[in-house]
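Here is the structure we will look at, set down as structure tokens.
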Amino acid sequence: MNNFVFQNPVKLIMGKGMISELNKEIPSDKRVMITFGGGSVKKNGVYDQVKEALKGYDTIEFWGIEPNPSIETLRKAIELGKKEKVDFLLAVGGGSVIDGTKLIAAGLLYDGDAWELVQKRFITSDTVPLGTVLTLPATGSEMNYGGVITRKETKEKYGFMSHFPVFSILDPEVTFSLPPHQIACGIVDTFTHTLEQYMTTTGQSRLMDRWAEGILQTLVEVAPKIKENQHDYQLMADFMLSATMALNGFIAMGVTQDWATHMIGHELTALHGLSHGHTLAIVGPGTMRVLREAKGDKLIQYGERVWNITSGTRDERIDAAIECTEKFFRSVGLTTRLSEENISGETIDEIERRFNEREVAYGENGNVTGAVARQILESCI
Ligand code: NZQ
Ligand code: ZN
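Each residue of the sequence shown is one higher than the last, beginning at 40 in the numbering used here.
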């Protein structure tokens with residue numbers, strides 16, 4: 040186990056009806072800007088619950104933070120927030136609204152253009168406090184300090200690190216209205232976050248391995264049942280908490296991490312608009328195929344503990360573990376091949392070019408360069 044420092048200050052408030060607790064968490068003298076996506080919260084009653092809980096508060100609203108939040112939209116929110124002198128932010132939505140609002144929180148106290156903050160990668164300056172009401176289990180943004188912002192103009196998508204939310208409210212009932220595609224993407228995103236921190240080498244931490252495997256096993260168990268009935272509170276509660284626990288630092292203590300799948304996936308979203316989780320369903324199995332030697336022992340452990348693969352040669356067991364993963368992603372309702380999305384060699388060329396130009400190399404061994412990203416993508420055709 041490597042040395043590490045762990046601190047996660049987010050107050051997690053979970054359960055049926057818990058949106059009504061909002062007024063216990065936001066000081067009543069704050070001028071609050073509430074941020075939303077495209078309107079799903081008006082149809083499923085979340086908006087009404089938030090407004091009811093904040094009766095008597097001084098609030099303004101910003102609507103229209105889109106999936107894969109764009110700097111172009113967020114600049115408008117920052118302008119409005121500065122004009123209105125807001126001193127508390129409440130993000131109500133999925134990962135996109137929360138990520139976007141993390142940038143707004145920094146942008147409100149920054150004089151320059153907010154894209155400069157994204158380019159800094161680590162925002163250490165002060166930010167306006169932010170609370171969240173999560174409506175989509177997937178990204179873990181509700182309990183971490185990361186965000187991912189798109190620049191439409193140049194078809195780029197980059198992550199940044201900033202400050203944690205102060206609190207996050209998770210009511211599993213709000214997920215009942217999710218479109219099946221978003222549930223599928225959320226399951227694959229959660230699964231892949233876990234793999235990014237787990238599918239490296241064996242023998243780093245028994246405890247981290249077991250926690251990660253617990254999340255993976257939970258997802259494998261609940262996914263087919265959610266497909267049958269997404270109004271089952273207990274199922275959605277387990278899915279929701281899995282998503283939060285997969286990317287709040289709890290399974291990352293003292294272990295190496297990969298993240299190559301995510302970095303390649305972000306390029307597919309930036310260039311083709313594919314949903315985030317969907318890109319991972321395509322790229323993730325490819326990362327396993329190409330890095331099967333370096334990840335071999337862990338693939339065997341994963342195959343045995345998550346998929347019950349206990350016989351066969353080393354190669355057969357690795358093959359079976361990768362196949363089970365791809366089949367699982369297909370079973371939740373996503374395609375897993377580039378050709379199924381009409382994505383061709385030109386995109387592979389462009390992603391290799393971008394990685395080379397940025398001189399980046401991802402993965403736990405820092406060896407996923409442009410050339411390796413090409414191999415991964417070619418294995419996903
Ligand atoms: O915009 P509205 O109308 O609200 O609709 C949204 C949106 O169209 C809809 N939705 C959300 N909750 C709903 C609902 N529809 C019905 N009922 C509900 N309860 O779902 C659509 C997708 O929402 P979005 O927020 O874009 O999805 P997600 O939570 O998957 O977030 C994706 C973004 O998060 C980033 C991704 O790159 C992407 O930009 N990520 C953030 C991370 C982080 N902060 O740590 C890590 C992740 O790896 C990821 O990169
Ligand atoms: Zn993700």
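All C-beta atoms in this analysis are idealised placements derived from N, C-alpha and C, irrespective of residue type, glycine included. Here the structure is a predicted model, which is why all the values come from computation and not from measurement.
Handout entry: Local conformation of R245 per DSSP, three classes
Key = Here DSSP, grouped into helix, strand and coil, assigns R245 to helix.
Practice task
To the nearest angstrom, report how far apart L148 and I415 are at their CA atoms.
Solution key: Cα to Cα, L148 sits roughly 41 angstroms from I415.
Handout entry: For L169: DSSP bridge partner residues
Key = Beta-bridge pairing links L169 to L128.
Exercise for the section: Within its chain, find whatever has a CB closer than 8 angstroms to the CB of P263; leave out the 5 residues flanking it on each side and keep chain order. Expected result: Excluding sequence neighbours, P263 sits near S370.
Exercise for the section: Determine the DSSP secondary structure at F368, reduced to helix, strand or coil. Expected result: Here F368 sits in helix by DSSP.
Handout entry: C-beta atoms of Q236 and A251 nearer than 8 angstroms
Key = yes
Practice task
Out of P219, P204 and K191, point me to the one whose CA is closest to A144's CA.
Solution key: Nearest option by C-alpha distance: P204.
Exercise for the section: Would you please state the rounded distance, in angstroms, between the beta carbons of G186 and K121? I believe it to be under 8 angstroms. Expected result: For a cut-off of 8 angstroms, the C-beta gap from G186 to K121 is around 19 angstroms, too long to register as a contact.
Practice task
With a floor of 4 residues, list each alpha helix (DSSP H) that falls wholly inside the stretch 356 to 417, ordered by position along the chain.
Solution key: 384 to 397 and 409 to 417
Handout entry: Within 8 angstroms, strictly: CB atoms of T166 and T231
Key = no
Practice task
Check whether the stretch 315 to 330 touches the stretch 392 to 401, counting contact only when three or more Cβ pairs, one atom from each stretch, lie closer than 8 angstroms.
Solution key: no
Handout entry: Those residues which DSSP pairs with G198 across a bridge
Key = V187
Problem - Range of the contiguous beta strand (DSSP E) that encloses D68 - result: Looking at the DSSP string, D68 is not in any beta strand (DSSP E), and its letter there is neither H nor E.
Problem - Closest Cα partner of F206 within the set G179, E343, E389 and I290 - result: Looking at G179, E343, E389 and I290, the one whose alpha-carbon comes closest to that of F206 is G179.
Handout entry: Collapsed DSSP secondary structure at K266 in the structure displayed
Key = Under the three-state reduction of DSSP output, K266 falls in the helix class.
Handout entry: Status (buried if at least 16 other CB within 10 Å, exposed otherwise) for F75
Key = buried
Problem - In DSSP terms, what S207 is bridged to - result: L51 and T171
Handout entry: Through-space distance from M279 to I73, alpha-carbon basis
Key = 22 angstroms
Practice task
Could you check the C-alpha separation between D358 and E379 for me, to the nearest Å?
Solution key: 22 angstroms
Problem - Per-residue DSSP class, three states only, for T98 - result: Reduced to three states, the DSSP call for T98 is strand.
Problem - Span of the alpha helix (DSSP H) around S135 - result: G134 to G146
Problem - Boundaries (first-last residue) of the alpha helix (DSSP H) holding M182 - result: M182 -> no alpha helix (DSSP H), and no H or E assigned at all.
Practice task
Check whether the Cβ of T214 lies closer than 7 angstroms to any heavy atom of the ligand NZQ, and answer yes or no.
Solution key: yes
Exercise for the section: Report back the beta-carbon spacing between V157 and I110 to the nearest angstrom; my notes put them in contact at under 8 angstroms. Expected result: 7 angstroms
Practice task
Compare the C-alpha of R356 against each of I339, G372, V294 and F368 and name the closest.
Solution key: I339
Exercise for the section: Would you mind giving the Cβ-Cβ distance between L169 and L128, rounded to the nearest angstrom? I have them listed as a contact below 8 angstroms. Expected result: 4 angstroms
Problem - alpha helix (DSSP H) segment containing S281, residue limits - result: Y272 to A285
Handout entry: Identity of the residues DSSP links to T74 by a beta bridge
Key = F101 and A130
Exercise for the section: Report the rounded CA-to-CA distance for T364 versus R70, giving the unit in angstroms. Expected result: 47 angstroms
Exercise for the section: Below 8 angstroms CB to CB, which residues in the same chain sit around K334 once its five sequence neighbours on both sides are set aside? Expected result: M238, T239, T240 and M327
Exercise for the section: Reducing DSSP to helix, strand and coil, say where F161 ends up. Expected result: Note: F161 maps to strand in three-state DSSP.
Exercise for the section: Return the CA-CA distance between I382 and C419, expressed in angstroms with no decimal places. Expected result: 10 angstroms
Handout entry: Contacting residues, own chain, Cβ-Cβ under 6 angstroms from K191 (five flanking each side not counted)
Key = Scanning its chain for C-beta atoms nearer than 6 angstroms, with the 5 sequence neighbours on each side dropped, one finds around K191 the residues S109 and E111, in chain order.
Exercise for the section: Give the secondary structure of S109 by DSSP, where H, G and I count as helix, E and B as strand, and everything else as coil. Expected result: strand
Exercise for the section: From the DSSP output, in three-state form, read off N41 for me. Expected result: If DSSP states are grouped into helix, strand and coil, N41 belongs with coil.
Problem - Rounded Cβ spacing between L217 and E181 (contact assumed at less than 8 angstroms) - result: Wrong, their Cβ atoms sit about 15 angstroms apart, outside the cutoff.
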